[in-house]
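Q: Residue numbers (my numbering): 52 to 520. Glycine included, C-beta positions come from ideal geometry on N, C-alpha and C.
#1: If you measure between the beta carbons of residue 310 and residue 301, is that distance less than 8 Å?
#2: Less than 8 Å between the C-beta atoms of residue 67 and residue 382, yes or no?
#3: When you measure from the CB of residue 214 to every non-hydrogen atom of the ligand SAH, does any distance come out below 7 Å?
#4: Just the C-alpha distance for residue 227 and residue 98, rounded to the nearest angstrom, thanks.
#5: Which partner residues does residue 411 have in the DSSP bridge list?
#6: Can you tell which of 395, 434, 422 and 423 has the C-alpha that lies nearest to the C-alpha of residue 414?
#7: With distances taken Cα to Cα, identify the nearest neighbour of residue 141 among 83, 165, 290 and 338.
#8: Is it true that the CB of residue 217 sits closer than 8 Å to the CB of residue 131?
#9: Note down, in chain order, each residue of its chain lying with its Cβ closer than 8 Å to the Cβ of residue 214, except the 5 sequence neighbours on either side.
#10: From 332, 298, 421 and 387, pick the residue whose C-alpha is nearest to that of residue 481; which is it?
#11: Helix, strand or coil for residue 286? Go by DSSP, reduced to three states.
#12: Nearest-angstrom Cα distance between residue 88 and residue 161?
#13: Scan the segment 174-238 and note each continuous alpha helix (DSSP H) run of 4 residues or more that stays entirely inside, going in chain order.
#14: Counting Cβ pairs closer than 8 Å, one from the segment 109-123 and one from the segment 459-477, do we hit at least three?
#15: Run through DSSP, which three-state label would residue 80 get?
#16: From residue 428 to residue 230, what does the alpha carbon distance come to, in whole angstroms?
#17: Please state whether DSSP places residue 116 in a helix, a strand or coil.
#18: Within a Cβ cutoff of 7 Å, which residues of the same chain sit near residue 177, ignoring the five residues on either side of it in sequence?
#19: Using a Cβ-Cβ cutoff of less than 8 Å, which residues in the same chain neighbour residue 321 once the five nearest sequence positions on both sides are dropped?
#20: Given a cut-off of 8 Å on the beta-carbon distance, is the pair residue 350 and residue 397 in contact?
#21: Can you grab the Cα-Cα spacing for the pair residue 281 / residue 272, in whole Å?
#22: I'd like the ranges of any alpha helix (DSSP H) spanning at least 4 consecutive residues and lying wholly in the segment 326-405.
#23: Going straight from the alpha carbon of residue 105 to that of residue 408, what length do you get?
#24: If we call anything under 8 Å between Cβ atoms a contact, is residue 58 one with residue 155?
#25: Say whether chain B places a C-beta atom closer than 8 Å to the C-beta of residue 451.
#26: Spatial neighbours of residue 488 within its chain, please: C-beta separation below 6 Å, excluding the five flanking residues on both sides.
#27: Do you know how far the Cα of residue 65 is from the Cα of residue 465?
#28: Is the CB-CB distance between residue 92 and residue 184 below 8 Å?
#29: Return helix, strand or coil for residue 492, following the three-state DSSP convention.
#30: Tell me the residue span of the alpha helix (DSSP H) that contains residue 479.
#31: Could you give the first and the last residue of the continuous alpha helix (DSSP H) run that contains residue 242?
#32: Quick one: give me the first and last residue of the beta strand (DSSP E) that residue 132 is part of.
#33: How far does the alpha helix (DSSP H) with residue 432 in it reach, from first residue to last?
#34: How big is the Cα-Cα spacing for residue 275 and residue 284?
#35: Roughly how many angstroms lie between the CA atoms of residue 393 and residue 347, to the nearest whole one?
#36: Cα separation between residue 149 and residue 386?
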């Protein structure tokens with residue numbers, strides 16, 4: 052109908068989707084932002100929630116709060132399960148499973164990625180990953196519960212099992228998480244336990260490649276491994292996880308097969324694109340790559356559908372890494388493309404990524420950074436890392452709150468202020484039968500309400516789903 056404003060639906064409130072929305076502030080377009088959560092998650096600091104350093108609210112502001120000043124934006128809590136490219140309608144379910152139809156003139160799909168167990172999805176029951184606030188809480192409660200169990204264990208072997216922590220994958224997330232477990236065991240907790248010496252904790256980092264932080268420069272890899280070993284972490288490279296259960300993990304390394312007794316296994320080894328990437332690919336007749344990402348055109352549009360954009364971790368474009376910066380820059384670029392179309396102006400040139408470098412923190416005053424064409428390590432890299440991460444948080448309140456919490460936790464008290472657990476929570480984390488498959492990647496899109504899917508695993512019961520939080 053003449054006079055109607057352009058309708059844009061943005062699926063996903065992560066780095067990519069949020070930058071699209073912000074880039075269209077004040078534009079002559081009605082934006083509907085739909086997400087399965089009500090918050091924007093700053094994933095680079097999620098491991099600090101798992102370590103008890105930060106509360107979730109500082110890194111996960113409510114989406115409605117983030118876009119409250121943008122009068123052309125509507126926010127919906129819903130789960131997208133289908134996209135009708137011909138009718139230009141997004142199909143979603145509300146929290147009570149009511150069907151929602153979201154018509155669009157332009158569509159941006161920025162649904163991100165989840166965990167990848169490289170074809171061994173059964174590992175999800177024994178080694179949760181960390182992509183959501185629920186995952187981080189689950190891992191935090193699990194780690195703290197294991198120290199509690201070690202305190203009451205009387206058998207030396209059982210105590211050793213509770214105090215053995217294995218992290219699979221030595222990318223930035225794995226390195227950062229294992230460094231925090233080491234600081235918990237060796238710095239924070241020894242003063243608080245009476246029966247058990249938490250310094251006896253065995254902390255193991257497994258990596259299938261030949262070095263930790265595989266994408267980083269060799270100088271930074273060597274520094275990282277040396278620093279982790281100084282912190283008491285066993286670093287095992289060229290080592291793969293081949294099997295696991297609730298009491299152990301079996302690995303294959305240079306010395307052959309070995310089974311390690313442990314009650315804690317955390318997965319940080321890989322990611323898989325959102326199932327929406329495969330759905331889109333099938334509808335437009337293209338193939339996804341091994342991580343399930345859909346290839347897009349140089350302007351971030353889906354092949355054959357210039358009105359549909361896909362950005363972030365779910366797309367394959369110029370071999371860009373699945374990290375925050377490409378998603379943010381793609382989001383800003385797509386906003387410019389849409390504004391140019393609405394104004395009848397020529398489209399911007401093809402998307403070009405500006406690499407601002409990469410960073411990873413190892414522990415207090417230890418980090419590595421590759422920025423400005425130079426390599427940094429130690430406290431200088433740590434300060435650079437802290438400055439950049441605080442800068443990209445949303446809202447001055449969250450920035451100041453994060454700085455204060457860091458000062459209190461890392462410098463003044465050497466403590467972790469956010470490690471509340473309960474007996475019931477610990478009981479749920481330690482349960483071996485019927486445990487929530489926290490972080491398990493969905494092999495298919497969720498079915499429509501009331502519709503069974505052949506071969507699909509049944510959804511967890513509501514009481515089980517609650518345990519993931």
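A: So, from the data block:
#1: Counting from 1 along the chain shown, the entry for residue 310 is found at position 259. Counting from 1 along the chain shown, the entry for residue 301 is found at position 250. Yes. Within cutoff.
#2: Stepping through the chain shown from its first residue, residue 67 is reached at position 16. Stepping through the chain shown from its first residue, residue 382 is reached at position 331. Result yes, Cβ atoms of residue 67 and residue 382 sit closer than 8 Å.
#3: Ligands are entirely absent from the displayed structure, and the ligand SAH is therefore not among its contents.
#4: Translated into the one-based positions of the chain shown, residue 227 becomes position 176. Translated into the one-based positions of the chain shown, residue 98 becomes position 47. Their Cα atoms are separated by approximately 7 Å.
#5: For this step, residue 411 is matched to residue 360 along the chain shown. DSSP, once it has assigned bridges, lists 419 as partnering residue 411.
#6: To locate residue 414, count along the chain shown from 1; it is residue 363. Taking only the C-alpha atoms, the option nearest residue 414 is 434.
#7: In the chain shown, the residue the question calls residue 141 occupies position 90. Cα-wise, what sits closest to residue 141 is 83.
#8: In the chain shown, residue 131 corresponds to position 80, counting from 1. In the chain shown, residue 217 corresponds to position 166, counting from 1. Result no, Cβ atoms of residue 131 and residue 217 do not sit closer than 8 Å.
#9: On the chain shown, residue 214 is found 163 positions in, with the first residue counted as 1. For residue 214, where only same-chain residues beyond five positions count, the Cβ hits under 8 Å are 197, 198, 201, 236, 247, 249, 251, 252 and 253.
#10: Indexing the chain shown from 1 puts residue 481 at position 430. When each option's Cα is compared against that of residue 481, the closest is 298.
#11: Working through the chain shown from its first residue, we reach residue 286 at position 235. In this structure, residue 286 counts as strand in the three-state DSSP scheme.
#12: Start at 1 with the first residue of the chain shown, and residue 88 comes out as number 37. Start at 1 with the first residue of the chain shown, and residue 161 comes out as number 110. The alpha-carbon atoms of residue 88 and residue 161 are separated by roughly 14 Å.
#13: 184-203, 207-213 and 223-234
#14: no
#15: Reading the chain shown from its first residue, position 29 is the one you call residue 80. Looking at residue 80 - three-state DSSP - the assignment turns out to be strand.
#16: For the purposes of this step, residue 428 is taken as the residue at position 377 of the chain shown. For the purposes of this step, residue 230 is taken as the residue at position 179 of the chain shown. Straight-line Cα distance between these residues: approximately 15 Å.
#17: Residue 116 sits at position 65 when you count from the first residue of the chain shown. Here residue 116 sits in helix by DSSP.
#18: Translated into the one-based positions of the chain shown, residue 177 becomes position 126. Excluding residues within five positions, the ones whose Cβ falls inside 7 Å are 295, 296, 297 and 316.
#19: Numbered from 1 along the chain shown, position 270 holds the residue referred to as residue 321. Excluding positions up to five away in sequence, the list reads 166, 167, 168, 169, 220 and 342.
#20: Translated into the one-based positions of the chain shown, residue 350 becomes position 299. Translated into the one-based positions of the chain shown, residue 397 becomes position 346. No, the Cβ-Cβ distance between residue 350 and residue 397 is not below 8 Å.
#21: Position 230 of the chain shown, counting from 1, holds the residue named residue 281. Position 221 of the chain shown, counting from 1, holds the residue named residue 272. Taking the straight line from one Cα to the other gives about 14 Å.
#22: 326-335 and 375-394
#23: Position 54 of the chain shown holds residue 105. Position 357 of the chain shown holds residue 408. Spanning the two alpha carbons is a distance of roughly 25 Å.
#24: Counted from its first residue, the chain shown places residue 58 at position 7. Counted from its first residue, the chain shown places residue 155 at position 104. Cβ distance < 8 Å, so residue 58 and residue 155 count as in contact.
#25: Protein chains in the displayed structure number just one, and chain B is not present.
#26: Counting from 1 along the chain shown, the entry for residue 488 is found at position 437. Residue placement at residue 488 cannot be trusted, given a pLDDT of 42 that sits under 50; what the coordinates show is reported in the next sentence. Cβ neighbours of residue 488 beyond the five flanking positions: 175 and 176.
#27: Locating residue 465 in the chain shown gives position 414, counting from the first residue. Locating residue 65 in the chain shown gives position 14, counting from the first residue. Computed Cα separation, rounded: 32 Å.
#28: To locate residue 92, count along the chain shown from 1; it is residue 41. To locate residue 184, count along the chain shown from 1; it is residue 133. Yes, these two residues count as a Cβ contact at 8 Å.
#29: What you label residue 492 is simply residue 441 of the chain shown in a count that begins at 1. Per-residue confidence for residue 492 stands at a pLDDT of 36, beneath the threshold of 50, marking its modelled position as unreliable; no derived number is given.
#30: On the chain shown, residue 479 is found 428 positions in, with the first residue counted as 1. Note, residue 479: alpha helix (DSSP H), 474-481.
#31: Counting from 1 along the chain shown, the entry for residue 242 is found at position 191. Where residue 242 is concerned, there is no enclosing alpha helix (DSSP H), given that its DSSP letter is neither H nor E.
#32: Residue numbering aside, residue 132 sits at position 81 when the chain shown is read from its first letter. It spans 130-135 - the beta strand (DSSP E) in which residue 132 sits, taken as one unbroken run.
#33: Sequence index remark: in the chain shown, residue 432 carries index 381 (1-based). 429-443 is the span of the alpha helix (DSSP H), which, as asked, contains residue 432.
#34: Position 224 of the chain shown, counted from the start, is the residue given in the question as residue 275. Position 233 of the chain shown, counted from the start, is the residue given in the question as residue 284. Approximately 11 Å between the Cα atoms of the pair.
#35: Mapped onto the chain shown, residue 393 falls at position 342. Mapped onto the chain shown, residue 347 falls at position 296. Cα-Cα distance, rounded: 22 Å.
#36: Numbered from 1 along the chain shown, position 98 holds the residue referred to as residue 149. Numbered from 1 along the chain shown, position 335 holds the residue referred to as residue 386. So the two alpha carbons sit approximately 30 Å from each other.
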